[in-house]
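In what follows, a single structure is set out as structure tokens and then discussed.
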Amino acid sequence: MKAVATILNKVLVKEFYLTNATFFLVVVGLAGGFMRAIDHIILAELLVSSPLLLLIPIGVWTAYSFKVTRFNRAMLRRGENEFLYYVSTLPKNVQWVALARASALQLAPVFLYASFLIATAAKHSLYFTLLLIPLACVVLLCLAAADLFVALLKGHREQKLSALARWIHVRFTKPYPLFFPEWIVRRSPWMAIGTKLAGGLLLFGVAQVYKTDTYDARLLGMGVVFAFAANVNMIWEMHRFDNHHFDINRNLPIPFVRRFLYFMITLAIVTLPEAGLLVSHFTTAVSWVDLVGALLFGWSIALFLYGWLFRHTYGPDQLHSIVFFTCILLVVLILFKIPFLILAFVNTAGGLYLWRKYFYTFEIPMNEEKA
Amino acid sequence: MLTLQNFSKHYGDALALTIPSLQLDPGIYWIKGENGSGKTTLFRSLTGLLPCEGRVTFNDNISLKDTPLAYRRLVNYSEAEPLYPDFLTPKELVRFIGQAKGATREQQDQLSARFGIDQFFDKPCGACSSGMLKKVSLTLAFMGAPKVIILDEPLITLDEAARRILFTLIQDYNEKQDVIFLLSSHQLLEDAQLLLKGIFTIRDKTIHPG
Numbered sequence: 508m509k510a511v512a513t514i515l516n517k518v519l520v521k522e523f524y525l526t527n528a529t530f531f532l533v534v535v536g537l538a539g540g541f542m543r544a545i546d547h548i549i550l551a552e553l554l555v556s557s558p559l560l561l562l563i564p565i566g567v568w569t570a571y572s573f574k575v576t577r578f579n580r581a582m583l584r585r586g587e588n589e590f591l592y593y594v595s596t597l598p599k600n601v602q603w604v605a606l607a608r609a610s611a612l613q614l615a616p617v618f619l620y621a622s623f624l625i626a627t628a629a630k631h632s633l634y635f636t637l638l639l640i641p642l643a644c645v646v647l648l649c650l651a652a653a654d655l656f657v658a659l660l661k662g663h664r665e666q667k668l669s670a671l672a673r674w675i676h677v678r679f680t681k682p683y684p685l686f687f688p689e690w691i692v693r694r695s696p697w698m699a700i701g702t703k704l705a706g707g708l709l710l711f712g713v714a715q716v717y718k719t720d721t722y723d724a725r726l727l728g729m730g731v732v733f734a735f736a737a738n739v740n741m742i743w744e745m746h747r748f749d750n751h752h753f754d755i756n757r758n759l760p761i762p763f764v765r766r767f768l769y770f771m772i773t774l775a776i777v778t779l780p781e782a783g784l785l786v787s788h789f790t791t792a793v794s795w796v797d798l799v800g801a802l803l804f805g806w807s808i809a810l811f812l813y814g815w816l817f818r819h820t821y822g823p824d825q826l827h828s829i830v831f832f833t834c835i836l837l838v839v840l841i842l843f844k845i846p847f848l849i850l851a852f853v854n855t856a857g858g859l860y861l862w863r864k865y866f867y868t869f870e871i872p873m874n875e876e877k878a
Numbered sequence: 067m068l069t070l071q072n073f074s075k076h077y078g079d080a081l082a083l084t085i086p087s088l089q090l091d092p093g094i095y096w097i098k099g100e101n102g103s104g105k106t107t108l109f110r111s112l113t114g115l116l117p118c119e120g121r122v123t124f125n126d127n128i129s130l131k132d133t134p135l136a137y138r139r140l141v142n143y144s145e146a147e148p149l150y151p152d153f154l155t156p157k158e159l160v161r162f163i164g165q166a167k168g169a170t171r172e173q174q175d176q177l178s179a180r181f182g183i184d185q186f187f188d189k190p191c192g193a194c195s196s197g198m199l200k201k202v203s204l205t206l207a208f209m210g211a212p213k214v215i216i217l218d219e220p221l222i223t224l225d226e227a228a229r230r231i232l233f234t235l236i237q238d239y240n241e242k243q244d245v246i247f248l249l250s251s252h253q254l255l256e257d258a259q260l261l262l263k264g265i266f267t268i269r270d271k272t273i274h275p276g
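Chains A and B, in that order, are what the protein sequence lines are.
So the first sequence is numbered by this note's numbering: it starts at 508 and just counts up by one.
So the second sequence is numbered by this note's numbering: it starts at 67 and just counts up by one.
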């Protein structure tokens, strides 16, 4: 039992915190830097004041739990962690205790903040909330442990094809630009959905502002910056897919122009929701020139980030800081009324320059697993 | 002729492999070496999958660095343990890589039939065995009109019939198309009845004849 706990701690818990160190630093930095102690207390009192508002932290905790389960599944997919599947041969009660313990350690930040909310609720004698918070924690813990249990149980099972899938495979040969969209939907569906939801909601919100107030195209430009920059993880995954997971691609004599064309088609598919929202919600708010410029500008941000990754072998967390500063710079330029088409041109030129210059000298760090 | 001059490969600051000079005429070469000696590093560098220092040229005028597209048209590679995205089918890989390498549809289908991968053409790679994936990888290595074919551990997970097909293909491509083959294997290649032009051993971070 102790051996299992030690192994799970080393492979899943410790690695989870190491991998997400930047994320936790940002959270701690934001919480400690922007909010005073009294602000935290006021916020906690607000959150526990009604079950509806309590859904906000529970929603955040659920998202965090998804992050945990996604991480665990990714770790189990790694070749060097295959031995973990032996855990599924242990007695069920031993498995559950070990997995729940590991999951609880990964969910520790949730429990810490939950304790703070419980203390706040107790102070104000909010008994229903007092019941709801531990219940949410227990449910999340059970779900995380159950997900790990199922992942260990069903590892290496043979992939069975449905009749529809077989029919499609026989009649349709997937072209390269569709490789990545399918890859990302299968590999990180929650990330794909979350990214599209975040970008879509942001643009939708901007569209609502235009309905009630009069603004020039700069507001749309700012929305586009953040909506397309929100795709940063997708761009990182696209880069890794093209150059690592499907690295035979780098041995192929594909001219640069065609590689660029493949990239743009893939990007257009991946950002279809954002493009659709722009076309459907902004035609009356801004001119067609601005609208087309905004779309090209959005794509150029993605292209710039893609090119940047050939120059710097950053992990997704490291890339976030680049994205942050790029966004700030772009917003400032937009405020100074630099036209979208010029910004799009500069981003595109920068991205293509980095891509072309560093494509053949780029190398994935040795410690990165191929999936 | 494949020529290496002042070739070296570093991982960070650590030297992995250095080859001051090496010339390979058309023929079949067996590259030997202990695990971790640098065989795969050499192969991946020569294929353009890893950046390296020095000069790698084919027939003096086609260079890995100066003419990367022309070079990649001539150099094909099969990995020791090929790994492809789970959802792709061998057909999709053959069509995409075949087209990029300039293989006609006829050649794609012929090679696929030769290795028998047409039997599971529409089955996603995730549902294929390691032997099946190895056959896919070997099929891809013969696509187009390569002049250098690099096969890293071509015999592992391969059944007897597929081995015979592979040896026949190697012999054919070498005799009729003057292809340079670089093979690494821990199994004895002398028994494979391949006419070896040379044997090299990688040790102490460089390559030695014999």
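Where a beta carbon is used, it is the ideal one built from N, C-alpha and C, also for glycine.
Just verifying my parser: in three-state terms, what is the DSSP assignment at residue i?
i, result
"residue 119 of chain B", "strand"
"residue 664 of chain A", "Note that residue 664 of chain A scores 48 on pLDDT, short of 50, meaning its location in the model is unreliable; the coordinates nonetheless yield the value given after this. In this structure, residue 664 of chain A counts as coil in the three-state DSSP scheme."
"residue 80 of chain B", "strand"
"residue 132 of chain B", "coil"
"residue 867 of chain A", "coil"
"residue 793 of chain A", "coil"
"residue 472 of chain A", "Residue coverage of chain A in this structure runs from 508 to 878, which leaves residue 472 of chain A outside it and unanswerable."
"residue 104 of chain B", "coil"
"residue 834 of chain A", "helix"
"residue 776 of chain A", "helix"
"residue 194 of chain B", "coil"
"residue 845 of chain A", "coil"
"residue 782 of chain A", "helix"
"residue 154 of chain B", "coil"
"residue 819 of chain A", "coil"
"residue 748 of chain A", "helix"
"residue 572 of chain A", "helix"
Verify the CB distance criterion: does residue i have a CB-CB separation below 9 Å to chain A?
i, result
"residue 218 of chain B", "no"
"residue 179 of chain B", "no"
"residue 73 of chain B", "no"
"residue 206 of chain B", "yes"
"residue 169 of chain B", "no"
"residue 115 of chain B", "yes"
"residue 155 of chain B", "yes"
"residue 142 of chain B", "yes"
"residue 183 of chain B", "no"
"residue 239 of chain B", "no"
Buried or exposed: where does residue i fall if 16 or more other Cβ atoms within 10 Å of its Cβ makes it buried?
i, result
"residue 757 of chain A", "buried"
"residue 227 of chain B", "exposed"
"residue 216 of chain B", "buried"
"residue 631 of chain A", "exposed"
"residue 741 of chain A", "buried"
"residue 776 of chain A", "exposed"
"residue 172 of chain B", "exposed"
"residue 198 of chain B", "buried"
"residue 591 of chain A", "buried"
With 9 Å set as the bound, which would you pick, yes or no: does the beta-carbon of residue i sit closer than that to a beta-carbon of chain B?
i, result
"residue 677 of chain A", "yes"
"residue 755 of chain A", "yes"
"residue 867 of chain A", "yes"
"residue 862 of chain A", "no"
"residue 859 of chain A", "no"
"residue 516 of chain A", "no"
"residue 571 of chain A", "no"
"residue 815 of chain A", "no"
"residue 681 of chain A", "yes"
Since residue i sits in a beta bridge, which residues does DSSP pair it with?
i, result
"residue 159 of chain B", "Paired residues: none, contrary to the question."
"residue 269 of chain B", "B:272"
"residue 339 of chain B", "Since the first and last residues shown for chain B are 67 and 276, residue 339 of chain B lies out of range."
"residue 75 of chain B", "B:83"
"residue 142 of chain B", "B:215"
"residue 96 of chain B", "B:249 and B:265"
Using a threshold of 8 Å, is the CB atom of residue i nearer than that to any non-hydrogen atom of the ligand FAD?
i, result
"residue 175 of chain B", "The ligand FAD is not part of the structure shown, which contains no ligands of any sort."
Counting only runs that start and end within the region 210-265 of chain B, where is the alpha helix (DSSP H) found for 4 or more residues in a row? 226-243
Can you list, in chain order, the stretches of the alpha helix (DSSP H) that have 4 or more residues and sit fully within the region 701-737 of chain A? 724-736
Which runs of the alpha helix (DSSP H) spanning at least 4 residues fall entirely within the region 600-682 of chain A, listed in chain order? 615-630, 634-660 and 670-678
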